[in-house]
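Colleague: Numbering-wise (the working numbering), the sequence shown opens with residue 1437 and increments by one.
My questions all concern the structure below.
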Amino acid sequence: MGNGAIALKLLRTPKVLHRVIKSRISAHSKLNRCMSIPTRKINLMVLVVTRRCNMYCDFCMQDHDAHRQLELNRIGLGDYRRVLDQAKIWNPTIQLTGGEPFIYPEIEELINVIKEKNFFCIANTNGSTLKNHAKQLVELGLEKIAISLDGPPEVHDHVRQFDNAYQLAEEGIRALANEKKRQGKNYPFIDVKSVINPTNTGYLEPIVKLAQTGLVQMVNFVH
């Protein structure tokens, strides 16, 4: 996808465009300060809602067995409400991640709380359960969702060590795109992220072709 096409899609999603500009300005400002002036402003708050994941990606550093034990002390909605109330003074972007955040049983309720408090919200996902949440995510007004795809089906499934991982993610993307059209909304902005690794080098062209279908608004390749 060319820069012009991405710019046009950003213009159609002004809340995302505003956050992109804000993050670039913030990064430039921090670079100029060179850490010489301390700051307490928070621009991004990452909430790791669960350490659990249903995939075993070969580049992931998480210890799945250890993280299953951590779930015994999972943070509840009441705690998140208090954290968000305290963070409101900075109005940071809220990013939901994990593990796989859509395994968190109250993920839709949490997004609803975040949107009730008028935060800009991004969710990261492997897409395996996205189809089940598509309708609600559009209704809630989630601004952006980042979906992991690392190549064509056979490559992606191998990297993720999960059968039909690519198919489930693609079905989730289509469900989300269809819901946006049905509800007449431009959000969430769909961003596909691909982790470049030894397994998928040379097999990333299908990700570019996916971007050309109009189902997604942006593609990022991450080394």
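Ideal Cβ placement from N, Cα and C applies to all residues, glycine included.
What's the call for N1636, buried or exposed, on a 16-neighbour Cβ count within 10 Å?
Modeller: Buried, by the Cβ-count rule.
Colleague: Which ranges does the alpha helix (DSSP H) cover as unbroken runs of at least 4 residues, wholly within the stretch 1486 to 1554, from first to last along the chain?
Modeller: Here the runs fully enclosed are 1500 to 1506, 1513 to 1523 and 1543 to 1552.
Colleague: According to DSSP, is I1478 helix, strand or coil?
Modeller: I1478 falls in the coil class under three-state DSSP.
Colleague: So, at 8 Å on beta carbons, what are the nonlocal neighbours of P1588 in its own chain, with the 5 sequence-adjacent residues on each side left out?
Modeller: So the list reads Y1602, Y1639 and P1642, once near-sequence residues are dropped.
Colleague: Determine the closest residue to G1563 out of D1593, E1575 and L1604, with distance taken between C-alpha atoms.
Modeller: G1563 has its Cα closest to that of L1604, out of D1593, E1575 and L1604.
Colleague: Would you tell me roughly how many angstroms separate the C-alpha atoms of C1470 and N1527, rounded to the nearest one?
Modeller: Residue placement at C1470 is poorly supported in this model, since its pLDDT is 48, which falls under 50; the coordinates still yield a value, given next. Answer to the nearest angstrom: the Cα atoms are 23 Å apart.
Colleague: Applying the criterion that 16 or more other CB atoms from any shown protein chain within 10 Å of the CB defines a buried residue, is M1497 buried or exposed?
Modeller: M1497 is exposed by the Cβ-count criterion.
Colleague: Taking a contact to mean a Cβ-Cβ separation below 8 Å, would you say Q1531 touches L1483 in this structure?
Modeller: A contact, by the Cβ cut-off of 8 Å.
Colleague: When DSSP labels each residue in this structure, what does V1652 get in the three-state scheme?
Modeller: Note: V1652 maps to coil in three-state DSSP.
Colleague: May I have the straight-line CA-CA distance separating D1521 from M1481, to the nearest angstrom?
Modeller: Distance between the alpha carbons of D1521 and M1481 is about 13 Å.
Colleague: Run through the stretch 1610 to 1635 for me and flag every whole beta strand (DSSP E) of 3 or more residues, listed as ranges in chain order.
Modeller: The qualifying runs are 1625 to 1631.
Colleague: Just to confirm before moving on: does the CB-CB distance between F1625 and Q1648 stay below 8 Å?
Modeller: No, these two residues do not count as a Cβ contact at 8 Å.
Colleague: Using only CA atoms, which one of L1612, T1533 and K1580 lies nearest to L1566?
Modeller: For L1566, the nearest C-alpha among the options comes from L1612.
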